[in-house]
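Below is one structure, written out as structure tokens; comments come after it.
Residue numbers (the numbering used here), protein chains in the order written: chain U, 1 to 98; chain A, 1 to 351.
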């Protein structure tokens, strides 16, 4: 899936996260995770984000995450939503999102 | 209490009643209502205004929370709402000004400090990488190393023979010269026209790179001032932020050693900007190396300094005979094409 425009999803409230997605200038994929629980769960958050991006076949773009201690399923859902918005996907492939 | 919380959008131009309540809340927090806010997110509990955050383009301003309700949960929701609203309005790259003591809070909301005016304010943006990426791009595409690398930032509203003279003088004193055109479309002449006239007007000057401006230099984002009552402080702060951004990011990226500026005999604000430049680029304590400021006496025409404001005044009177002596042919052609038979554009020029 191609990131065509900027998009956001989520909130900054506790147990949620805000995901900001933007096209990249140089076709690279850059993921930045900021979290209040980065020391305990940083690696796990990063893994969920990377897996979700791979599932969506996102190979280029800038993904910035402000995490407020969200559960894995919430992280996955927010990343999916932000990417779908940024890719202008009106007909998402729901099977790929499971 | 927060169960009754309701978030609303308030457009000051259309909703005087709600705007009065926002003004009262801001006053409670020692803040003024800025006149350039496009829209507010407000939070109300049973009809009582308890928090607000304003948007002026891509700048978050006038953020206030009723003192009795301060705590993480309301403020994080407020910032989420305003970021969401900005996104709906097409703004993803956001700036905000924070008092130094509020920086940690906004860092928890996805904002990162760019530049700090000691004890006064901090400019933040909502990306950990945008500035670095901007500087990397500048450096990769345009860095030219030299003993003396100069820079001019010009609005060129419109480009005059004075701008040409300044660039020629600067170029003579440098190994390379970078010229930036102020990008913000807040001037009489639209950015596309200003940039084109600068490009045409600087033709033939060797060892020069012309750049598009950005939100990081002389832009809406570098003009703060809402939480400071003292107007004197506001003025010196907005110059400080702009100049420190230049010294700490843009100058190092391009290896700029000198900044050139024309003397300012007419406009008090620009004159102050020039004076502040000498302080913030050269003397102020900073981790970044000093940038030498070179003030060049303006080109004059029969004893009167040439200025873009004079050209605008003459344009208002449609005195093309006088304008002819102050601007290059390219500028004159554009002025004639756009303004000779265009009453509306002229009215705007005179407004």
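For glycine and all other residues, C-beta sits at the position ideal for the given N, C-alpha and C.
Because the structure is a prediction, the values reported are computed rather than measured.
Residues of its chain near residue i, where Cβ-Cβ distance is below 7 Å and the 5 sequence neighbours each way are ignored
i	result
residue 210 of chain A	179, 198, 199, 202
residue 231 of chain A	Only weak support exists for where residue 231 of chain A lies, its pLDDT of 44 falling under 50; the coordinates are left without a value.
residue 292 of chain A	257, 258, 282
residue 139 of chain A	253, 254
residue 18 of chain A	10, 42
residue 81 of chain U	9
residue 76 of chain U	48, 52
residue 66 of chain U	12, 17, 18, 34
residue 96 of chain A	59, 60, 106, 111, 124
residue 301 of chain A	325, 326
residue 59 of chain U	29
residue 192 of chain A	none
residue 353 of chain A	Absent from the model: residue 353 of chain A. The displayed extent of chain A is 1 to 351, so no value can be given.
residue 22 of chain A	10, 33, 40, 42, 49, 52
Beta-bridge pairing of residue i - partner residues as DSSP gives them
i	result
residue 21 of chain U	U:7, U:63
residue 294 of chain A	A:260
residue 113 of chain A	A:124
residue 33 of chain U	U:65
residue 76 of chain A	Answer is none; residue 76 of chain A lacks a bridge partner.
residue 216 of chain A	Beta-bridge pairing links residue 216 of chain A to no other residue.
residue 95 of chain A	A:59, A:125
residue 210 of chain A	A:179
Residues near residue i by beta carbon distance below 8 Å, same chain, minus five either side
i	result
residue 168 of chain A	205
residue 30 of chain U	24, 61, 62, 63
residue 5 of chain A	43, 44, 45, 50, 74, 77
residue 88 of chain A	none
residue 85 of chain A	9, 39, 41, 55
residue 245 of chain A	114, 115, 123, 216, 217, 222
residue 136 of chain A	253
residue 37 of chain A	12, 54, 55, 56, 61, 62
residue 174 of chain A	146, 148, 149, 150, 207, 258
residue 239 of chain A	272, 273, 276, 277, 280
residue 42 of chain U	33, 35
Own chain, CB closer than 6 Å to residue i, minus 5 neighbours either side, in chain order
i	result
residue 219 of chain A	184
residue 164 of chain A	201
residue 78 of chain U	9, 10, 17, 19
residue 110 of chain A	126
residue 251 of chain A	291
residue 195 of chain A	181
residue 79 of chain A	109
residue 92 of chain A	none
C-beta neighbour in chain D for residue i, strict 8 Å
i	result
residue 8 of chain U	No chain D is part of this structure, whose protein chains are labelled U and A.
Give the residues from the segment 94–109 of chain A that approach chain U closer than 8 Å (Cβ to any Cβ), ordered along the chain. 108, 109
Residues of the segment 117–129 of chain A with Cβ closer than 9 Å to any Cβ of chain U, in chain order: 126, 127, 128, 129
Whole beta strand (DSSP E) elements within the segment 130–201 of chain A, 3-residue minimum: 149–154, 176–181
Three Cβ pairs or more, each shorter than 8 Å: is that satisfied between the segment 155–173 of chain A and the segment 116–133 of chain A? no
Length at least 3, wholly inside the segment 265–341 of chain A: the beta strand (DSSP E) runs in chain order: 292–296
Start-end ranges of the beta strand (DSSP E) lying completely within the segment 1–71 of chain A, minimum 3 residues: Segments of the beta strand (DSSP E) lying fully in the segment 1–71 of chain A: 5–10, 39–45, 48–56, 59–65.
Does the pairing of the segment 157–164 of chain A with the segment 297–316 of chain A give three or more beta-carbon distances under 8 Å? yes
Closer than 8 Å between beta carbons: that is the criterion. Which residues of the segment 21–44 of chain U meet it against chain A? Taking 8 Å as the Cβ-Cβ cut-off against chain A, the residues of the segment 21–44 of chain U that qualify are 22, 25, 30, 32, 34, 36.
Note down, in chain order, all residues in the segment 42–76 of chain U with a beta-carbon under 8 Å from any beta-carbon belonging to chain A. 62, 64, 66, 68
What are the residues of the segment 154–186 of chain A that lie near chain U, defined by any Cβ-Cβ distance shorter than 8 Å? none
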